[in-house]
Amino acid sequence: MHDQAAHAYRRVAAAGRRRAEQWAAHPRILDALTALGCFALMSLDIPGLAQADNSLNGLAATAVLAAGSATLLLRRRAPWVTFAVALLFLGWLHELTLAQFALYSLGRYRGRRAGVIGVVAYVAVAFALFQLPGWPAHRGDTLSDFLSLVVPIGVLAAGVGIAANRQDLVRALEEQRSETTVLQAVQAERSEVAGDVHDFVGRELTLLCVRSEVLARKARAGSDSSYAEQFEELGDTARRAHTLLNEIIVQRANDRSPTPGLEALPTLVERSERAGTPVFLEIDEVAGRLSPLRQAAVYRVAQECLTNAAKHAPGEKVQVRIAVADGLARVEITNPLPSALPARAPVSTGTGTAGMAERVHSVGGTFRAGRRAGAYEVVAELPAGRGL
729 MHDQAAHAYR RVAAAGRRRA EQWAAHPRIL DALTALGCFA LMSLDIPGLA QADNSLNGLA
789 ATAVLAAGSA TLLLRRRAPW VTFAVALLFL GWLHELTLAQ FALYSLGRYR GRRAGVIGVV
849 AYVAVAFALF QLPGWPAHRG DTLSDFLSLV VPIGVLAAGV GIAANRQDLV RALEEQRSET
909 TVLQAVQAER SEVAGDVHDF VGRELTLLCV RSEVLARKAR AGSDSSYAEQ FEELGDTARR
969 AHTLLNEIIV QRANDRSPTP GLEALPTLVE RSERAGTPVF LEIDEVAGRL SPLRQAAVYR
1029 VAQECLTNAA KHAPGEKVQV RIAVADGLAR VEITNPLPSA LPARAPVSTG TGTAGMAERV
1089 HSVGGTFRAG RRAGAYEVVA ELPAGRGL
């Protein structure tokens, strides 16, 4: 029962966070709802306002309060405008509701300093009005009533706004850190790709050098030695290209091994199954003719997907299909979404998807990942190359 309650709580909390993010994505709608809420609260005082001030009838009081509430539409860009109107309402109509919204807006969108200044100004103006004749008894007839009603209203509203401002700053910092982490992951993946380019292309250039030297010796030993110098020149060109490649990719670690290809996928699957993640692997035979860089991209995608499945959907069967058709190599990896959240949230940096996408894009492919029909699906398509 405790586990079920915990799962239910996490689902409700996640739904609440999603709704908050949706509202945060539409600030103008949220501002309009705030203005309507303020007007609804102030409209409760319309009968009293019309009775206390003969210059305002019910219709005029409604129009004045609506105009004051409308200034909340500017609370993000110009909260001091709303605050000035709130002080006007305080002196003219002894209305405190707009002042609460204005002080919250100052603390929320201008920070602690503006919130404190707003509270001091609000208390000073309210206290000056309290000393004048005509201060309504329901707003604090005695000084103790005034201090226990008017002052806490302003302090609490500004305090909540300042706390929300701190949360905004923390959230912005977390988003910035997340973006930085993703960028670092992308950069690391680019370094991995550069290393693989060095290894694979360097190997081919080395073979070209060796082959050119062999052909040059054969040409000299044969009856026609006219091609010997051309083979030697070809070998020199390959060596210069290899040297240039070494100079360009200077960040490659000396002890780094290249990313494996399709031949290493069965071993990867075996390790995943030993860890409790069953895997169905299907590979077209022609996929073995993909270039080493494309095979490395396929392996990288499969490796990250199996790791993610073990973290977020433990015990669920993962289907890995690698097909080649119409000049495209398609990698499709799916796993069912778990029916219940894990007891403990998995440790994850959230950068694996960015790394996979960067690896696929580096060879001219496309990448997408997301939920689909009750499962999590990753699809990568990359050019198969010549002859495939």
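Residue 1116 is where the sequence shown ends in this note's numbering, and the numbering goes up by one at each step. Glycine included, every Cβ here is placed at the ideal spot set by N, Cα and C.
**Same chain, Cβ closer than 6 Å to Arg804, five either side skipped, listed in chain order** = Non-local C-beta neighbours of Arg804 in its own chain, meaning closer than 6 Å and more than five positions away in sequence, comprise Tyr837, ordered along the chain.
**Message:** Within 8 Å, do at least three Cβ pairs link the segment 888 to 895 to the segment 1054 to 1064?
**Reply:** Cβ pair count under 8 Å is below three, so no.
**Request:** Could you spell out where the beta strand (DSSP E) holding Leu1056 opens and where it closes?
**Result:** Bounds of the beta strand (DSSP E) holding Leu1056 are Leu1056 to Pro1064.
**Complete runs of the alpha helix (DSSP H) confined to the segment 1028 to 1053 [at least 4 residues]** = Counting only runs that start and end inside the segment 1028 to 1053, there is no alpha helix (DSSP H) element of at least 4 residues.
**Request:** List the DSSP bridge partners of Arg756.
**Result:** Beta-bridge pairing links Arg756 to no other residue.
**Asked** Can you tell me whether DSSP reads Ala1112 as helix, strand or coil?
**Response** It is coil, neither helix nor strand.
**Asked** If you draw a straight line from the alpha carbon of Val910 to that of Ala1097, how long is it in whole angstroms?
**Response** If you take the alpha carbons of Val910 and Ala1097, they lie about 16 Å apart.
**Prompt:** When DSSP builds the beta bridges, which residues end up paired with Ala1103?
**Reply:** Pro1064 and Arg1100.
**Message:** If contact is defined by three or more beta carbon pairs under 8 Å, each pair taking one atom from either stretch, is the segment 1082 to 1101 in contact with the segment 907 to 926?
**Reply:** With the cut-off at 8 Å, the segment 907 to 926 and the segment 1082 to 1101 touch.
**Item:** Cβ neighbours of Ala1051 in the same chain (closer than 7 Å, five flanking residues each side left out)
**Value:** Within the same chain, Ala1051 has close Cβ partners Asp1012 and Arg1058.
**Prompt:** Is there contact here, the segment 961 to 969 with the segment 997 to 1004, by at least three beta-carbon pairs under 8 Å?
**Reply:** Output reads no: the segment 997 to 1004 does not touch the segment 961 to 969.
**Prompt:** Considering only residues of the same chain and omitting the five flanking positions on each side of Thr1081, which have a CB-CB separation below 6 Å?
**Reply:** Within the same chain, Thr1081 has close Cβ partners Ala1097.
**Prompt:** Of the choices Ala1037, Leu1018 and Val1046, whose alpha-carbon is the least far from that of Leu1110?
**Reply:** Closest by C-alpha distance to Leu1110, out of Ala1037, Leu1018 and Val1046, is Leu1018.
**Asked** If Thr987 and Ala1030 are in contact, beta carbons under 8 Å, what's the gap, nearest whole angstrom?
**Response** Contact between Thr987 and Ala1030 is ruled out by a C-beta separation of about 11 Å, above the 8 Å threshold.
**Request:** Throw me the rounded Cβ distance for the Leu996 and Val1026 pair, which I believe falls under 8 Å.
**Result:** The C-beta separation of Leu996 from Val1026 comes to about 11 Å, leaving the pair out of contact by the 8 Å criterion.
**Asked** If you draw a straight line from the C-alpha of Gly1055 to the C-alpha of Ala1015, how long is it?
**Response** In this structure, the CA atom of Gly1055 is about 11 Å from the CA atom of Ala1015.
**Request:** Count the C-beta pairs between the segment 817 to 837 and the segment 792 to 804 that are closer than 8 Å, then say yes if the count reaches three, no if not.
**Result:** Flag = yes, the segment 817 to 837 and the segment 792 to 804 touch.
**Prompt:** In three-state terms, what does DSSP make of Val1075?
**Reply:** With a pLDDT of 44 at Val1075, under the threshold of 50, the predicted position of this residue should be treated as unreliable, and no value is reported.
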